[in-house]
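*Asks:*
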Amino acid sequence: MLSLATTAKCEEFAEFFTNKILAIRAEITQDPNYLHDAPSREPPTLQNFSAITEDNLYKLVKHSKQSTCSLAPIPTFLMKNNFNYVSTPLLQIINTSILTGVFPSTFKTAVVKPLLKKPNLDYNTLNNYRPISNLPFISKIHEKAVFIQLNQFLNKNDILEKFQSGFRANHSTETALTKIVNDLRLSTATKSLPWSSWT
């Protein structure tokens with residue numbers, strides 16, 4: 002069994018996960034003509050993000066998970082329980098970042114823990130692990146504040162793919178699968194599946 006506490010093992014995991022990302026990036030084409038189905042209309046442009054209010058911030062903090070990252074200067078439960086004392090500086094940090102377009106470098110640092118994909122897999126094989134990133138609480142709050150505005154813009158301007166299931170409210174792998182099963186049943190009933198032969 003791997004001893005995850007050793008520096009050498011940590012370096013080995015870091016190199017392994019980094020190389021996986023580099024390999025994925027190498028496979029992505031840089032050719033601008035690669036997109037065959039470019040949109041026929043010029044999509045609207047998001048010019049800027051807006052500052053959030055203290056009420057927005059309170060809702061984000063209130064609905065956040067209690068988990069704490071070891072990189073965070075203040076544990077999450079203290080931040081949530083003492084919101085009235087930390088709200089002003091927290092709001093200033095997030096709004097300054099949003100309005101200037103500068104994401105603080107400390108928000109980009111995460112604690113990455115290797116997690117075995119399945120309990121019965123070989124502990125000594127690095128490929129059997131997935132990286133789990135744990136970000137500081139403030140970073141997560143900032144990300145959610147930006148996500149809400151970006152998501153509203155995408156939905157308002159009908160930019161998202163019609164059948165995109167990930168990262169959308171009321172859409173999931175379950176709803177995607179339900180649609181596929183429903184389409185298959187309808188096609189079976191009308192025998193209109195072009196890729197199948199019916200007997």
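In this note's numbering, the protein residues as written are 2 to 200.
Just so you know, even glycine gets a beta-carbon here, dropped at the ideal spot from N, CA and C.
From a predicted model like this one, the values you see are computed outputs, not experimental measurements.
#1: Rounded to whole angstroms, how far is the Cβ of I99 from the Cβ of A52, which I believe are closer than 8 Å?
#2: In this structure, does DSSP put I95 in helix, strand or coil?
#3: Flag this pair as yes or no: are the beta carbons of Q153 and F50 separated by less than 7 Å?
#4: Can you pull the DSSP bridge partners for Y130?
#5: Using only the alpha-carbon positions, how far apart do T107 and K180 sit?
#6: Express the C-alpha separation of A9 and T176 in angstroms, rounding to a whole number.
#7: In the DSSP assignment, find the alpha helix (DSSP H) that holds K21 and state where it starts and stops.
#8: What's the call for P137, buried or exposed, on a 16-neighbour Cβ count within 10 Å?
#9: Helix, strand or coil for N83, going by three-state DSSP, please let me know.
#10: Can you name, in chain order, every residue of its own chain whose Cβ lies under 8 Å from the Cβ of I142, other than the five neighbours on each side?
#11: Just reading off the alpha helix (DSSP H) that K60 is part of, what are its end residues?
#12: In terms of residue numbering, what span does the alpha helix (DSSP H) encompassing L178 cover?
#13: Could you tell me which residues DSSP pairs with N135 in its beta bridges?
#14: Measure the beta-carbon distance from P44 to I160 and round it to whole angstroms, keeping in mind my assumption that it falls under 8 Å.
#15: Can you tell me which of N171, L47, T174 and I139 puts its alpha carbon nearest to the alpha carbon of N158?
#16: Assign P90 to one of three DSSP states: helix, strand, or coil.
#17: In terms of alpha-carbon separation, which member of T174, T69 and F78 lies closest to S1?
#18: Mind checking S140: buried by the 16 CB within 10 Å criterion, or exposed?
*Replies:* For this structure:
#1: Looking up residue 99 in the sequence shown gives position 98. Looking up residue 52 in the sequence shown gives position 51. 6 Å between Cβ atoms; contact.
#2: Taking the sequence shown and counting its residues from 1, one reaches residue 95 at position 94. Three-state result, I95: helix.
#3: Mapped onto the sequence shown, residue 153 falls at position 152. Mapped onto the sequence shown, residue 50 falls at position 49. No, they are not a contact pair.
#4: Residue numbering aside, residue 130 sits at position 129 when the sequence shown is read from its first letter. Beta-bridge pairing links Y130 to L117.
#5: Walking along the sequence shown from the start, residue 107 turns up at place 106. Walking along the sequence shown from the start, residue 180 turns up at place 179. Spanning the two alpha carbons is a distance of roughly 41 Å.
#6: For this step, residue 176 is matched to residue 175 along the sequence shown. For this step, residue 9 is matched to residue 8 along the sequence shown. Rounded to whole angstroms, T176 to A9 spans 43 Å at the Cα level.
#7: In the sequence shown, the residue the question calls residue 21 occupies position 20. T8 to E28 is the span of the alpha helix (DSSP H), which, as asked, contains K21.
#8: Position 136 of the sequence shown, counted from the first residue, corresponds to residue 137. Under this definition P137 is a buried residue.
#9: On the sequence shown, position 82 is the one that residue 83 refers to. N83: coil per DSSP, three-state reduction.
#10: The residue labelled residue 142 in the question sits at position 141 within the sequence shown. Only L58, L61, V62, S65, L91 and I95 meet the Cβ criterion.
#11: The residue given as residue 60 occupies position 59 in the sequence shown. Start and end: E55 to K63.
#12: The residue you call residue 178 lines up with position 177 of the sequence shown. Segment T174 to T191, the alpha helix (DSSP H) holding L178.
#13: If you number the sequence shown from 1, residue 135 lands on position 134. Paired residue(s): V112.
#14: What you label residue 44 is simply residue 43 of the sequence shown in a count that begins at 1. What you label residue 160 is simply residue 159 of the sequence shown in a count that begins at 1. The pair is a contact, with the Cβ atoms about 6 Å apart (cut-off 8 Å).
#15: Against the sequence shown, residue 158 aligns to sequence position 157. Answer by Cα proximity: L47.
#16: Reading the sequence shown from its first residue, position 89 is the one you call residue 90. Looking at P90 - three-state DSSP - the assignment turns out to be helix.
#17: As displayed, the chain neither begins before 2 nor continues past 200, which places residue 1 out of reach and without an answer.
#18: Looking up residue 140 in the sequence shown gives position 139. S140 comes out buried.
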